[in-house]
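Engineer: One structure follows; several queries about it will come next.
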Amino acid sequence: MCGIVGYVGSQSALDVVMAGLKRLEYRGYDSAGVAVPADGGLAAAKRAGKLVNLEKELLERPLPSGSTGIGHTRWATHGGPTDANAHPHLDNAGRVAVVHNGIIENFAALRGELAGRGHDLVSETDTEVVAHLLAEEFSAGADLAEAMRLVCRRLEGAFTLVAVHADAPDVVVGARRNSPLVVGVGEGESFLASDVAAFIAHTRSAIELGQDQVVELRRDGVTVTGFDGSPAEVRSYHVDWDASAAEKGGYDYFMLKEIAEQPKAVADTLLGRIDAAGSLTLDEVRIGAAELRELDKVVIVACGTAFHAGLIAKYAIEHWTRLPCEVELASEFRYRDPILDPRSLVVAISQSGETMDTLMALRHAREQGSKVLAICNTNGSTIPRESDAVLYTHAGPEVAVASTKAFLTQLVACYLVALYLGQVRGTKWGDEIRAVIRDLSRISGAVERVLETMEPVRALARSLAGKKTVLFLGRHVGYPVALEGALKLKELAYMHAEGFAAGELKHGPIALIEEDLPVVVVVPSPRGRSVLHDKIVSNIQEIRARGARTIVIAEEGDDAVVPYADHLIRIPVTPTLLQPLVSTVPLQVFACELATARGNEVDQPRNLAKSVTVE
Ligand code: F6R
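The sequence shown begins at 1 in this note's numbering and counts up by one.
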């Protein structure tokens, strides 16, 4: 939540910062602002609404040019999305400017204290206190980095802060506690950003910042210290994707591009993880085989779409390893005093690696002595850093707020973890593992085939643009797919959408069925567990008898559903446990097209932000 950019170098800071904000706008789009130390003073501009409003403002009232600057795109927490609450926030003399991501929990006390010393705070934000406190420390003789350290020691909560001062025009200072901040190191220029996408066009050399660290950015390099001033160890890394990966590449929306990238994302996530003999080589899982054999349960924590991946993983883990697996919403986890010990393996799934609820859940698990394995898409982010091991998904940058390719790669990673546990614990024979791996390796092609047949799904979606409600039903792994389909529709089309386990229907939700209500049904494969299939075919008949318009997602060749499907969406024949990798795709396309038909912003749905860095 909130995108932050800082720059020091020889280019126009405003140009670099605005281009960076453009790439970070998916993190929040309630307001945007910039500040540039120039001509002995500090110039700033900010506007409520999307970045385009700030762009207009800068055209009407250009700022003086400078080669140091900061910028912010906001997802509002304290104070509505107004001009006054937009970042940057300045002190009363207008000499220091600060941008912030996170929540400063003790801001009310600090605000009272500052007011008592004659400061005039003009916004409703928690952030503004930082500008005033920094100004006080700077006036008392601290340089900007030291002022930041002193101020951070007084703050409670989660924060990334980035500041500039008119009297230190060649320096940008950043601080990090619990919210993301990465450093980019270029030739004679340095960058700070919430995510590498902001500076990837300039450098692919990055530095991770740790917890409670302050970074001082100058043209010729960066200095990192702890909040106490002690020199800090940092990890440098090379970003393995380039600027084009963060562009729309000819698609109207990032979401469309990301849906189309799924076959590759799935294949990339499998790459290098299977040896010539067909066994899994998950070197990243740095938890010893002996410890994995001792496990007595797996607990998955995640939020939103990642939680749905976890729900599907449960079926695979329990089936393949015979280990009990619980799946829990990260936001509920630590508050119910979960039973954990060193024999529990906690798997934290997160695309961004920054979701605060998931981070807090994994910290709680580690405090109880459990080992945590992260499944994550973002190198250098907090969740993998704080976990015992990480299995990276290789989806590439996911920019659209609604998660698509990250979900499919999370599923692949979950299957790999399940198979690996089976391999290490001996609950799966080598040839069984090889058979699943073979099926997984073919999935990328199956996803490709689904994508080639989506035109009727788009047409159907457009025809439903006037509807208020869509229901989703599934059984077994199709149930979390139904939940995911409903989530996609809610967030993109702003429609009432609910996912149900098809077997639950008769226990209440069937009362919702009325004439012409669209109900999407995800049908399990008729092969293998055909009892599931037969039961859902009955469920389709039950809802159709009550007037529902049935939209049936079923395997090629599944003829039993044909008489009861008002609309039939075919997916390739796939082993039951792996079916979500193909059955989810039409639901993504459906939601995206419905959103477009309803005139909604596909990549930036209202009220949402990409990484949820507050609890
Ligand atoms: C939905 C969506 C969210 C995220 C959730 C977790 O399309 O994107 O529900 O899945 O906020 O985010 P990560 O995976 O970054 O922890």
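From the three backbone atoms N, C-alpha and C, an ideal C-beta is built for every residue, glycine too.
Curious, which full-length beta strand (DSSP E) runs of at least 3 residues does the stretch 141-193 contain?
Structural biologist: If we require 3 residues or more, the beta strand (DSSP E) runs fully inside the stretch 141-193 come out as 157-165, 168-177, 182-185, 190-193.
Engineer: Assess contact between the stretch 130-147 and the stretch 27-44, defined as three or more Cβ pairs (one per stretch) separated by less than 8 Å. Is contact present?
Structural biologist: Flag = no, the stretch 130-147 and the stretch 27-44 do not touch.
Engineer: What I want to know is whether the C-beta of residue 2 ends up closer than 8 Å to one or more non-hydrogen atoms of the ligand F6R.
Structural biologist: Within the sequence shown, the letter at position 2 stands for residue 2. Residue 2 Cβ: outside cutoff for every heavy atom of the ligand F6R.
Engineer: With a floor of 3 residues, list each beta strand (DSSP E) that falls wholly inside the stretch 505-586, ordered by position along the chain.
Structural biologist: Counting whole runs of 3 or more residues, the stretch 505-586 contains the beta strand (DSSP E) stretches 518-522, 549-555, 567-571.
Engineer: Can you round the beta-carbon distance between residue 298 and residue 361 to whole angstroms, since I take them to be within the 8 Å contact cut?
Structural biologist: Translated into positions along the sequence shown, residue 298 becomes position 298. Translated into positions along the sequence shown, residue 361 becomes position 361. Residue 298 to residue 361, Cβ: 14 Å. No contact.
Engineer: Hey, residue 422 and residue 433: beta-carbon distance below 9 Å or not?
Structural biologist: Taking the sequence shown and counting its residues from 1, one reaches residue 422 at position 422. Taking the sequence shown and counting its residues from 1, one reaches residue 433 at position 433. Yes, they are a contact pair.
Engineer: State yes or no: is the C-beta of residue 351 nearer than 8 Å to some heavy atom of the ligand F6R?
Structural biologist: On the sequence shown, residue 351 is found 351 positions in, with the first residue counted as 1. Residue 351: yes, Cβ under 8 Å from the ligand F6R.
Engineer: Does the count of Cβ pairs from the stretch 11-30 and the stretch 190-202 closer than 8 Å reach three?
Structural biologist: Result yes; three or more Cβ-Cβ pairs closer than 8 Å.
Engineer: Near residue 600, what residues of its chain come up, given a Cβ to Cβ distance below 7 Å and the 5 sequence neighbours on each side ignored?
Structural biologist: Walking along the sequence shown from the start, residue 600 turns up at place 600. 492, 493, 494.
Engineer: Looking only at its own chain, which residues have a Cβ that is under 7 Å from the Cβ of residue 289, when we skip the five neighbours before and after it?
Structural biologist: Position 289 of the sequence shown holds residue 289. Once the five neighbours on either side are set aside, the close Cβ partners of residue 289 are 424.
Engineer: Pull up the DSSP beta-bridge partners for residue 237, would you.
Structural biologist: Residue 237 sits at position 237 when you count from the first residue of the sequence shown. Its beta-bridge partners are 206.
Engineer: Can you tell me whether DSSP reads residue 300 as helix, strand or coil?
Structural biologist: Taking the sequence shown and counting its residues from 1, the one referred to as residue 300 is at position 300. Correct three-state label for residue 300: strand.
Engineer: Taking Cβ positions, are residue 9 and residue 71 nearer each other than 9 Å?
Structural biologist: Position 9 of the sequence shown, counted from the start, is the residue given in the question as residue 9. Position 71 of the sequence shown, counted from the start, is the residue given in the question as residue 71. Not closer than 9 Å, so no.
Engineer: For residue 46, which three-state DSSP category applies?
Structural biologist: Taking the sequence shown and counting its residues from 1, the one referred to as residue 46 is at position 46. Strand, per DSSP.
Engineer: Three or more C-beta pairs under 8 Å: does that hold for the stretch 547-560 against the stretch 524-538?
Structural biologist: Contact between the stretch 547-560 and the stretch 524-538 is present, because at least three Cβ pairs lie under 8 Å.
Engineer: Does the Cβ of residue 261 lie closer than 8 Å to at least one heavy atom of the ligand F6R?
Structural biologist: On the sequence shown, position 261 is the one that residue 261 refers to. No, the Cβ of residue 261 stays beyond 8 Å of every heavy atom of the ligand F6R.
Engineer: Can you tell which of 371, 403, 570 has the C-alpha that lies nearest to the C-alpha of residue 484?
Structural biologist: Indexing the sequence shown from 1 puts residue 484 at position 484. Out of 371, 403, 570, 403 has the C-alpha closest to the C-alpha of residue 484.
Engineer: At a threshold of 8 Å, does residue 303 count as lining the ligand F6R (C-beta to nearest heavy atom)?
Structural biologist: The residue labelled residue 303 in the question sits at position 303 within the sequence shown. Correct: residue 303 has its Cβ closer than 8 Å to the ligand F6R.
Engineer: Looking at the secondary structure, which residues open and close the alpha helix (DSSP H) in which residue 131 lies?
Structural biologist: As a working mapping, residue 131 is identified with position 131 in the sequence shown. Residue 131 -> alpha helix (DSSP H) spans 128-139.
Engineer: Is any non-hydrogen atom of the ligand F6R found closer than 8 Å to the C-beta of residue 271, if you look at the structure I gave you?
Structural biologist: Your numbering for residue 271 matches position 271 in the sequence shown. Checking every heavy atom of the ligand F6R against the Cβ of residue 271, none is found closer than 8 Å.
Engineer: Assign residue 52 to one of two classes, buried (16 or more other C-beta atoms within 10 Å of its C-beta) or exposed (fewer than that).
Structural biologist: Position 52 of the sequence shown, counting from 1, holds the residue named residue 52. Exposed, by the Cβ-count rule.
Engineer: Quick one: what's residue 199 bridged to in DSSP?
Structural biologist: Within the sequence shown, residue 199 is the residue found at index 199, counting from 1. DSSP, once it has assigned bridges, lists no residue as partnering residue 199.
Engineer: Give every residue of the same chain whose Cβ lies closer than 7 Å to the Cβ of residue 56, excluding the five residues on either side of it in the sequence, and list them in chain order.
Structural biologist: Locating residue 56 in the sequence shown gives position 56, counting from the first residue. For residue 56, where only same-chain residues beyond five positions count, there are no Cβ hits under 7 Å.
Engineer: Hey, how far is the Cα of residue 29 from the Cα of residue 99?
Structural biologist: Taking the sequence shown and counting its residues from 1, the one referred to as residue 29 is at position 29. Taking the sequence shown and counting its residues from 1, the one referred to as residue 99 is at position 99. For residue 29 and residue 99, the distance between alpha carbons rounds to 15 Å.
Engineer: Look at residue 171 and residue 209 and say whether their C-beta atoms are less than 9 Å apart.
Structural biologist: Counting from 1 along the sequence shown, the entry for residue 171 is found at position 171. Counting from 1 along the sequence shown, the entry for residue 209 is found at position 209. No; because the gap between Cβ atoms is not below 9 Å, this pair is not in contact.
Engineer: To the nearest angstrom, how far is it from the Cα of residue 49 to the Cα of residue 81?
Structural biologist: Residue numbering aside, residue 49 sits at position 49 when the sequence shown is read from its first letter. Residue numbering aside, residue 81 sits at position 81 when the sequence shown is read from its first letter. If I take the Cα positions, the gap works out to 7 Å.
Engineer: What do you get for residue 244, buried or exposed, if any count of 16 or more other CB atoms within 10 angstroms of its CB means buried?
Structural biologist: Against the sequence shown, residue 244 aligns to sequence position 244. Exposed, since its Cβ has fewer than 16 Cβ neighbours within 10 Å.
Engineer: Ends of the alpha helix (DSSP H) at residue 414?
Structural biologist: For this step, residue 414 is matched to residue 414 along the sequence shown. Taken as a continuous stretch (DSSP letters only), the alpha helix (DSSP H) holding residue 414 covers 405-425.
Engineer: Let me confirm a value: residue 91 is counted as buried when at least 16 other C-beta atoms fall within 10 Å, else exposed. Which label applies?
Structural biologist: Position 91 of the sequence shown, counting from 1, holds the residue named residue 91. The residue is buried, with at least 16 neighbouring Cβ atoms inside 10 Å.
Engineer: If contact is defined by three or more beta carbon pairs under 8 Å, each pair taking one atom from either stretch, is the stretch 324-337 in contact with the stretch 308-315?
Structural biologist: Enough Cβ pairs lie closer than 8 Å, so yes.
Engineer: If you measure between the beta carbons of residue 2 and residue 75, is that distance less than 9 Å?
Structural biologist: On the sequence shown, position 2 is the one that residue 2 refers to. On the sequence shown, position 75 is the one that residue 75 refers to. Cβ atoms of residue 2 and residue 75: closer than 9 Å.
Engineer: Under DSSP, the beta strand (DSSP E) around residue 349 begins and ends at which residues?
Structural biologist: For the purposes of this step, residue 349 is taken as the residue at position 349 of the sequence shown. That run of the beta strand (DSSP E) goes 344-350.
Engineer: Buried or exposed: where does residue 276 fall if 16 or more other Cβ atoms within 10 Å of its Cβ makes it buried?
Structural biologist: Counting from one through the sequence shown, the residue named residue 276 turns up at place 276. Exposed, since its Cβ has fewer than 16 Cβ neighbours within 10 Å.
Engineer: Quick test of your reading: residue 206 and residue 396, contact by CB under 8 Å. State the CB separation rounded to the nearest angstrom.
Structural biologist: Residue 206 sits at position 206 when you count from the first residue of the sequence shown. Residue 396 sits at position 396 when you count from the first residue of the sequence shown. With 8 Å as the limit, residue 206 and residue 396 do not qualify as a contact, their Cβ atoms being about 16 Å apart.
Engineer: Along the beta strand (DSSP E) that carries residue 213, what are the first and last residues, could you check?
Structural biologist: Within the sequence shown, the letter at position 213 stands for residue 213. Taken as a continuous stretch (DSSP letters only), the beta strand (DSSP E) holding residue 213 covers 213-218.
Engineer: When we look at the beta-carbon of residue 286 and count the other beta-carbons within 10 Å, is it buried (16 or more) or exposed?
Structural biologist: In the sequence shown, the residue the question calls residue 286 occupies position 286. Exposed, by the Cβ-count rule.
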